[in-house]
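Engineer: For the sequence shown, numbering that gives the first Met the number 0 gives the first residue as 0, with consecutive numbering after it.
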Amino acid sequence: MKKISLLFVLIFALLFFLVGCNFSSDGKLNSYTLDCHYDSASHTLSGKEEVVFYNDYDNAIDELKFFLYPNSFNEGKEAVSDSYFNRAYPTGEESFGDITIESVFCNGESLPYSINDEGSILTTSLVSEIYPDETVTVEIAFTVNLANINHRLGYGENTVNFGNFYPILCVYENGFVLNSFASNGDPFYSEVANYDVTLSFDDSFTLASTGDVVSESIDNGVKTVKISALKVRDFAFTLSENFEVVSSSVGDITVNYFYYDEENFEENLLVACEAMEYFSDLFGEYPYKTINVAKTNFCFGGMEYPNLVFISDEVADAVTYKYVIVHELAHQWWYSLVGNNEYTEAWLDESLTEYSTALFFEEYEKYGMKYTDIIDGALNSYQLFVSTYESILGDIDESMNRNLGEFSTEPEYVNCVYTKGVLMFDSIRDTLGDNKFFKCLKNYFEDYAYKISTQNDIIQSFSKSAHMDLTNFFLAWLNGEVVLGN
Ligand SMILES: [Zn+2]
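1) Can you name, in chain order, every residue of its own chain whose Cβ lies under 7 Å from the Cβ of E243, other than the five neighbours on each side?
2) Identify the continuous alpha helix (DSSP H) that holds V421 and give its terminal residues.
3) Who pairs with R343 in a beta bridge, going by DSSP?
4) Considering only the alpha carbon of each residue, which of D201, V221 and A235 lies closest to Y194?
5) Would you check if the distance between the CB atom of V292 and the CB atom of V308 is smaller than 8 Å?
6) Quick check on the burial criterion: 16 or more other C-beta atoms within 10 angstroms. Buried or exposed for Y130?
7) Under three-state DSSP, which class holds H330?
8) Measure the alpha-carbon distance for G162 versus A59 and round it to whole angstroms.
9) Take the Cβ of S380 as the centre, count every other Cβ of all protein chains shown within 10 Å, and call the residue buried at 16 or more, exposed below.
10) What separation, rounded to the nearest whole angstrom, lies between the Cα atoms of G19 and D251?
11) Just how far apart, CA to CA, sit Y285 and L477?
12) Determine the contact status of I114 and V50, defining contact as a CB-CB distance below 8 Å.
13) Flag T352 as yes when its Cβ comes closer than 7 Å to any non-hydrogen atom of ligand 1, and as no otherwise.
14) Does ligand 1 have a heavy atom nearer than 7 Å to the CB of Y399?
15) I'd like to know whether the C-beta atoms of I290 and N306 end up nearer to each other than 8 Å.
16) How is L469 classed by DSSP in three states: helix, strand or coil?
17) Is it the case that the CB of M0 approaches a heavy atom of ligand 1 more closely than 7 Å?
18) Should E303 be listed as close to ligand 1, given that the test is whether its C-beta is under 7 Å from any heavy atom?
19) In the DSSP output, what is F257 paired with across the bridge?
20) Helix, strand or coil: which one does DSSP assign to G338?
21) Label D57 either buried or exposed according to how many other C-beta atoms from any shown protein chain fall within 10 Å of its C-beta, with 16 as the threshold for buried.
22) With H, G and I counted as helix, E and B as strand and the rest as coil, what does DSSP make of C272?
23) Return yes when the Cβ of E327 is within less than 8 Å of the Cβ of M302, no when it is not.
24) Starting from N144, follow its DSSP beta bridges and name the residues at the other end.
25) Taking C-beta to C-beta, are G338 and E190 nearer than 8 Å?
26) Considering just the uninterrupted stretch of the alpha helix (DSSP H) at T90, what are its terminal residues?
27) Should E190 be listed as close to ligand 1, given that the test is whether its C-beta is under 7 Å from any heavy atom?
28) Under DSSP, the beta strand (DSSP E) around S311 begins and ends at which residues?
29) So I427 and F437 are in contact, right, with Cβ under 8 Å, and what is the actual spacing, rounded?
30) Pick out whichever of K463, S464, H466 and I458 has its Cα sitting closest to the Cα of F472.
31) Roughly how many angstroms lie between the CA atoms of S23 and L392, to the nearest whole one?
32) On the DSSP bridge list, what partners appear for H36?
33) So S119 packs on F164, CB below 8 Å; how close in whole Å?
34) Could you check whether the Cβ of D313 sits closer than 7 Å to any heavy atom belonging to ligand 1?
35) Any idea if P111 is buried or exposed, counting beta-carbon neighbours within 10 angstroms, 16 or more meaning buried?
36) So, are the CB atoms of G46 and L33 less than 8 Å apart?
Now the structure itself:
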């Protein structure tokens, strides 16, 4: 995600080289078959999902756990922090949403299930243990009620956003990892899986989604679209009755830009194409056929999903809008392909994504943002944050590697994770020199594409590529020991 801090806006007023992306269905990946209908009159989505879980671990597993993000819009939950309230709720009134689990079945047998107090985790007990290398298929029926909110999940004036809308398997690491909701950052963590999706909705809507459309039909005013998305970390979509679409291509990749109320669409499509080409050259090939960039009703700057990014229609400044497009597209490499626990280690994808964005504008100076200005701007922002917060709070925590729940304010999160992240990677580049630094990025991407990386993994990967132990270097930044004062 890209949070546009006010200061920032002011400062800037394959590894799998499968040509044509012929991914074979890897039997070791989990798979989701989703069949969902959106009823625009009631703003509800009724869905069924069949999840095939593959036990790729060393021990038997007797239950499955799923993350239920739609319940973060329940009454009493903080869907957005106070500073985003007005941008989030189009009517100025709070609005609520949720997910109801209708049933859970396995082999025709109803399974017992429970949901924790927070509403974030669905647990289903399995009839028998699943041993290593075995699979189990679970069918879940659910209903999602959308809030009237400009958010990842919700309906606004122009778009209906479906980010993180279905029960998604928690990642297993000696037990399922259970993240909490958080109004800051992206509290998500998932593994790459194969998706077979059928969506139906009023035929007045245009769809932008993860994956590739396989077929489309219209019957009695209802459009049904079948989508295949292989080896992706998540599945999301957005609908609009106002979308117009322009397309171009970069090599084998089709780049689509979905927009409304806009004159700059050609320029925004161009910057998306340039970003896809630049990052593919710099980090490693984008291995999918399609990337969809969609303008949406969204209270933050933008949001990333595999093959799909949301760009907020509230970003008024043309250059900042391009900045957000580039940032969200860089996430295709950092978050989507190279995965991480975005709740416990948000810096891992956000710092690298924000720095990758600076690299793009270094290459494309025609957009009027100089690399040195971005770095200087980041330093000024960070110093201002430190001096302001120190004068109010005394000592402040400057560490970057905290979980989302441990950042006390939005500016603290943005400055420690995004702004300082840019400065950290600039400093690593300065230390290593361009050749070594860019080799580190390429090797890191190659080693972790489709996998999950951690703080330790990136440190080890960079150290190996640089032939230099960078542990203390990284830790000094991450633990907040590097002083960036005036
Ligand atoms: Zn981001």
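Idealized CB from N, CA, C, for every residue including glycine.
Structural biologist: From the atom records:
1) Correct list, in chain order: Y258 and Y259.
2) For V421, the enclosing alpha helix (DSSP H) has its first and last residue at K419 to L431.
3) First, the residue type needs correcting, since residue 343 is Thr and not Arg in the sequence shown. In the DSSP assignment, T343 forms no beta bridge with any residue.
4) Nearest option by C-alpha distance: A235.
5) Between V292 and V308, the CB-CB gap stays under 8 Å.
6) Classification of Y130: exposed, given that the 10 Å Cβ count is below 16.
7) Correct three-state label for H330: coil.
8) Between G162 and A59, the alpha-carbon positions lie close to 32 Å from each other.
9) Taking all protein chains shown into account, S380 has 16 or more neighbouring C-beta atoms within 10 Å of its C-beta and is therefore buried.
10) With a pLDDT of 33 at G19, under the threshold of 50, the modelled position of that residue is not reliable, and no figure is offered here.
11) Rounded to whole angstroms, Y285 to L477 spans 29 Å at the Cα level.
12) No; because the gap between Cβ atoms is not below 8 Å, this pair is not in contact.
13) Yes; taking the cut-off as 7 Å, the Cβ of T352 has a heavy atom of ligand 1 nearer than that.
14) The identity of residue 399 in the sequence shown is Met, whereas the question assumes Tyr. Not so, every heavy atom of ligand 1 lies at least 7 Å from the Cβ.
15) A contact, by the Cβ cut-off of 8 Å.
16) Correct three-state label for L469: coil.
17) Yes; taking the cut-off as 7 Å, the Cβ of M0 has a heavy atom of ligand 1 nearer than that.
18) E303: yes, Cβ under 7 Å from ligand 1.
19) F257 is bridged to V244 and A293.
20) Strand at G338.
21) Exposure of D57 is indicated by the presence of fewer than 16 other C-beta atoms within 10 angstroms of its C-beta.
22) It is helical.
23) Yes, the Cβ-Cβ distance between M302 and E327 is below 8 Å.
24) Answer by DSSP bridge pairing, in chain order: T43 and D97.
25) Inclusion of G338 and E190 in the CB contact set at 8 Å is warranted, their separation being smaller than that value.
26) Under the DSSP assignment, T90 falls outside any alpha helix (DSSP H); it carries neither an H nor an E label.
27) Checking every heavy atom of ligand 1 against the Cβ of E190, none is found closer than 7 Å.
28) Unbroken beta strand (DSSP E) run through S311: L307 to S311.
29) With a beta-carbon spacing of about 11 Å, I427 and F437 fall beyond the 8 Å limit used to define contacts.
30) Considering only alpha carbons, the answer is I458.
31) Because the pLDDT at S23 is just 39, under 50, the model does not fix this residue reliably, and the value given afterwards should be weighed accordingly. Cα to Cα, the separation comes out at about 55 Å.
32) According to the DSSP secondary-structure assignment, H36 is paired through a beta bridge with S45 and S199.
33) That pair is no contact at about 14 Å.
34) The amino acid at residue 313 is misidentified as Asp; the sequence shows Glu. No, ligand 1 has no heavy atom inside 7 Å of this Cβ.
35) Counting the other CB atoms within 10 Å of its CB gives P111 a total below 16, which places it among the exposed residues.
36) In contact: G46 and L33 (Cβ atoms closer than 8 Å).
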